[in-house]
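K.L.:
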Amino acid sequence: MLRFSYVNRQVGRYISSTVEDGVCLIKTTSGKIAIGLDLLDVQYRNPSQISPEQLRELATAFKAE
């Protein structure tokens, strides 16, 4: 979530996550975002492989509540 918050300050802080149908649903203090498990795997194994453009796309997919 830290990397997303650099792109979109409204993301907030991590609260919880669940996995459904190959997607991780992450709840934060200000909303939620769905991230594919394949991308999460890259984030944990080699985060530098995720481009700034990919981060911007994910950050714009954030749903504020």
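So for the sequence shown, the working numbering puts the first residue at -5; every next one is plus one.
C-beta: ideal position from N, C-alpha, C; glycine also.
Predicted model only: the values in this text are computed from it and were never measured.
1) If you reduce the DSSP assignment to three classes, tell me which class Glu14 lands in.
2) So the alpha helix (DSSP H) Tyr28 belongs to, where does it begin and stop?
3) Within a Cβ cutoff of 7 Å, which residues of the same chain sit near Leu93, ignoring the five residues on either side of it in sequence?
4) For Gly30, which residues from the same chain have a beta carbon less than 8 Å from its beta carbon, with the 5 sequence-adjacent residues on both sides left out?
5) Distance, Cα to Cα, Ala53 vs Gln4?
P.N.:
Inspection of the coordinates gives the following:
1) Reading the sequence shown from its first residue, position 20 is the one you call residue 14. Here Glu14 sits in strand by DSSP.
2) Position 34 of the sequence shown, counted from the first residue, corresponds to residue 28. Here residue 28 is Ala; the residue named in the question, Tyr, does not match the sequence. Looking at the DSSP string, Ala28 is not in any alpha helix (DSSP H); the run it does join, the beta strand (DSSP E), is Gly25 to Gly30.
3) Outside the shown range of the chain, which is -5 to 59, sits residue 93, and nothing can be said about it.
4) As a position in the sequence shown, residue 30 is number 36, starting the count at 1. So the qualifying residues of the chain are Gly16, Val17 and Cys18.
5) The sequence position of residue 53 within the sequence shown is 59, counting from 1. The sequence position of residue 4 within the sequence shown is 10, counting from 1. Each residue's alpha carbon lies about 9 Å from the other.
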